[in-house]
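Step one of this worksheet: look at the structure below.
Residue numbers (my numbering): 8 to 175.
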């Protein structure tokens with residue numbers, strides 16, 4: 008593909024997987040044709056696709072597998088958003104959820120606590136367990152409910168603790 012304005016993002020690494028300059032796209036339950044069009048149009052720029060808002064549970068198994076195969080086949084990581092993981096935590100089904108993510112063929116898992124107050128020890132264990140299962144792990148910090156405000160210092164502590172789990 009011709010880069011029309013390489014001066015805007017100088018030094019952009021064109022070969023995947025990229026160590027930095029990662030581009031993530033939020034998929035709000037688009038169909039396979041739309042996903043295929045997106046990949047055809049901009050796939051070489053995309054590194055991750057996040058299936059947002061629990062949408063991975065709203066489609067058939069066949070559709071989900073077809074979408075995952077399409078995305079992974081184009082060297083793009085795909086993962087369900089953290090809301091599903093939070094529901095699994097609330098139901099004490101987090102280990103089963105990690106297994107489901109693997110069985111579906113997702114390459115990545117997101118661990119967040121936007122709606123569910125996850126204890127640090129459980130978060131650390133889940134990061135390790137997910138990583139040990141072969142999944143790439145993305146963590147998200149912060150709260151979705153504006154009434155459940157969190158201090159910036161706590162966000163920084165959470166980020167640093169997540170990075171410490173990975174040894175960074």
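Glycine included, each C-beta is placed from N, C-alpha and C at the ideal position.
Note that the coordinates shown come from a computational prediction; the quantities given were computed from them, not determined experimentally.
With 16 as the cutoff for other CB atoms within 10 Å, does residue 93 come out buried or exposed? buried
Going residue by residue through the stretch 66 to 128, where are the continuous alpha helix (DSSP H) segments of at least 4 residues, counting only ones entirely within it? 68 to 79, 89 to 97, 101 to 111
Which value, in whole angstroms, describes the spacing of the CA atoms of residue 83 and residue 55? 5 Å
Work out the CA separation of residue 61 and residue 91 for me, nearest whole Å. 6 Å
Does DSSP put residue 169 in a helix, in a strand, or in coil? helix
Strictly by DSSP, which residues pair up with residue 144? 116
Would you kindly report the start and end of the unbroken alpha helix (DSSP H) that includes residue 44? 39 to 49
Under three-state DSSP, which class holds residue 162? helix
I'd like to confirm the pairing. Which residues does DSSP put opposite residue 31 in its beta bridges? 55
Kindly indicate which three-state DSSP category residue 21 falls into: helix, strand or coil? coil
Sorted by chain position, which residues of the same chain lie with C-beta nearer than 6 Å to residue 95's C-beta, five sequence neighbours on each side aside? 101, 104
Thinking C-alpha only, which one of 112, 153, 58, 63 is nearest residue 140? 112
Identify whether residue 134 lies in helix, strand or coil by the three-state DSSP scheme. helix
Determine the contact status of residue 123 and residue 97, defining contact as a CB-CB distance below 8 Å. yes
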